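Residue 112 is where the sequence shown starts when you use the working numbering, and the numbers rise one by one after that. No residue lacks a Cβ here, since even glycine has one placed at the ideal position from N, Cα and C. On a predicted model such as this, the values are computed, not experimentally measured, just so you know. The block underneath contains the structure these notes are about, expressed in structure tokens.
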Amino acid sequence: MERLLIGDRRPVGRCGVTAVVEPATAQPFAEVSCASPADLDEAVATAKRAFPEWAALTAVQRADLLYRFSDLVRTHAEELALLEARNVGKPIGDARWEANHVAETLRYYAGAADKFFGHTIEVKKGGLDLTLHVPLGVVGLIVPWNFPMVIATWKLAPALACGNTVVLKPASLTPLTALRLGELALEAGIPPGVLNIVPGPGAEIGRALAAHPDVAKISFTGETATGRSIMATAAQTIKRVGLELGGKSPNVIFGDVDVELVAREAVASVFANAGQDCCARSRILVERTVHDRFLDALVAATERLVVGDPLDERTQMGPLISAKQRETSETYIAIGEQEGARRICGGERLDRPGYFLRPAILVGGRPGMRVVEEEIFGPVAVVLTFDSEAEAIELANATMYGLSGSLWTNDLKRGLRVARALRTGVLSVNSSSSVHLQAPFGGMKQSGLGRELGMHAMEQYSEVRNIYFETQAG
């Protein structure tokens with residue numbers, strides 16, 4: 112049984128034991144002890160005690176420990192990848208990439224630790240004004256189940272580099288890699304109490320973390336509705352809040368592109384991780400002049416996807432995380448058909464154990480349909496058509512979300528115009544890429560607050576202090 116990590120201890124949580132289910136088999140393959148609010152209080156107190164010593168280290172000293180942490184992750188990358196593939200159901204090739212990305216993220220923020228500069232400001236003759244970046248204290252990190260070790264590291268790496276201590280709550284469905292990362296951090300020499308891991312029910316432990324008076328900041332990735340609740344709870348203690356929330360990302364395709372190429376990219380951008388991705392480009396907006404040709408290519412590329420065992424090297428899409436998540440996708444497919452959309456491929460279960468569902472495409476989408484406006488978080492794409500640049504922009508922006516998106520055109524001027532008009536925090540032009548480690552990532556509108564990644568993340572985990580020196584006597 113996996114236990115909590117508080118300081119250098121592995122206590123049994125006081126909220127019982129939960130089974131960890133392997134989505135590809137629908138069978139339990141591990142057990143995890145769950146934290147109670149009392150366990151959370153202990154973790155926060157431990158992080159609070161560890162903070163002064165950790166914050167007092169020089170940036171170079173913290174960087175050295177993060178480099179060691181990165182090296183250990185690289186050494187154990189295959190172990191972490193296998194854990195993630197089994198626990199989340201993602202293809203082993205994707206899980207290997209993610210394990211290496213975790214190591215790269217730790218290395219990036221190790222390098223950033225002593226390059227997070229302050230400023231000198233000329234305010235008046237004879238005076239010297241300085242700005243300093245100082246750590247916040249104890250930060251609470253709440254991570255989702257779809258990219259457990261990646262998103263955990265996006266948060267904990269800059270937090271630690273800035274000198275904060277951390278209490279991390281992994282998702283109840285996928286706690287295993289977070290706990291293993293905690294062990295590797297200790298092995299790397301990061302002092303006990305700097306990184307604490309407390310698996311437990313989100314409604315109880317997540318809320319308690321957001322409300323805790325000794326937690327200076329909450330960073331949460333997950334559903335928009337949960338983000339609203341966390342924001343309201345954190346407001347009671349004027350806690351800093353970072354939110355990376357839901358999305359319904361557009362994929363805008365103009366008629367001057369290579370249809371076959373863009374169709375292949377569209378399949379990857381919506382069905383990766385079985386569509387369980389807040390950046391999934393699940394609203395495909397196609398110029399009417401190429402609509403039919405694009406659909407033919409999209410269906411062909413979708414039907415070529417190999418759906419199956421995550422541990423099989425040939426697999427391109429694994430199962431959904433749970434029976435509930437699969438049922439949600441099936442429900443949305445039925446809703447879409449009731450609303451007037453037409454399913455042209457996919458949506459069937461595989462005849463094998465596990466939570467498998469073939470990727471589905473709905474056509475005839477229109478504004479106002481639930482399948483067009485609501486995040487499904489499964490392998491379901493909906494296709495809409497447009498006749499003009501203005502209509503494409505209007506359709507793309509017609510959502511409460513604004514996380515990510517793609518735009519495809521060979522017309523540079525049009526690309527610049529449309530890119531500026533789309534209301535998304537992240538936009539890729541002639542690419543389906545969503546994330547670059549060195550660049551800021553985050554949403555507009557109800558897709559969140561703040562930014563992950565790049566040097567912008569360092570700003571999210573620090574406070575700016577201003578110190579003025581009077582240098583003239585008298």
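In this structure, the CA atom of I203 is about 16 Å from the CA atom of A379. The three-state secondary structure of P490, taken from DSSP, is coil. R318: member of the alpha helix (DSSP H) spanning 318-322, first to last residue. Of the other Cβ atoms in all chains shown, 16 or more fall within 10 Å of the Cβ of P269; this residue is therefore buried. In chain order, Q387, Y466, F488, G489 place their CB closer than 8 Å to the CB of Q436, counting only its own chain and leaving out the 5 sequence neighbours on each side. Between the region 524-532 and the region 410-428 there are fewer than three C-beta pairs closer than 8 Å, too few to call the two in contact. With a 10 Å radius around the Cβ and a threshold of 16 neighbouring Cβ atoms, Y572 comes out buried. Cβ contact annotation for A550 (same chain, cutoff 8 Å, sequence separation greater than five): L564, G565, in chain order. DSSP assignment within the region 437-511 yields the following whole beta strand (DSSP E) runs of 3 residues or more, N-terminal first: 453-456, 471-474, 491-497. The secondary-structure analysis by DSSP pairs D240 across a beta bridge with I232, Y579. DSSP, reduced to helix, strand and coil, places E563 within a strand of the structure shown. When DSSP states are grouped into helix, strand and coil, W265 belongs to the helix group.
The beta carbon of G366 lies closer than 6 Å to those of E398, T400, V401 in the same chain, with the five residues before and after it left out. The alpha helix (DSSP H) runs lying completely inside the region 349-399 and spanning 4 residues or more are 370-382, given in chain order. Excluding the 5 residues flanking it on each side, A223 has same chain C-beta neighbours closer than 7 Å at A272, M566, M569, in chain order. Going by DSSP, Q172 is part of the alpha helix (DSSP H) stretching over 170-186. Assignment of V245 by DSSP, reduced to helix, strand and coil, places it in the strand class. When the alpha-carbon of L151 is set against those of S558, R318, E334, A530, the nearest one is in R318. Note on geometry: alpha-carbon atoms of R339 and V254 lie some 15 Å from one another.
Only residues of its own chain outside the window of five on either side were considered, and among them L287, T288 have a CB closer than 6 Å to the CB of L194, listed in chain order. 9 Å or more divides the Cβ of L538 from the Cβ of L396.
In the structure shown, A299 falls within a coil segment according to DSSP collapsed to helix, strand and coil.
The shortest CA-to-CA distance from G516 to any of G553, G561, S360 is the one to S360. Assigned with DSSP and collapsed to three states, F227 falls in coil, not helix or strand. By the C-beta density criterion, D205 is buried, having at least 16 other C-beta atoms within 10 angstroms. Shown here, W165 sits in a helix according to DSSP, grouped into three states. A distance below 6 Å between beta-carbons, with the five flanking residues on each side excluded, links R392 to the following residues of its chain, in chain order: S360, N362, S380, V381, S517.
DSSP places R425 outside both helix and strand once states are collapsed to three, so it counts as coil.
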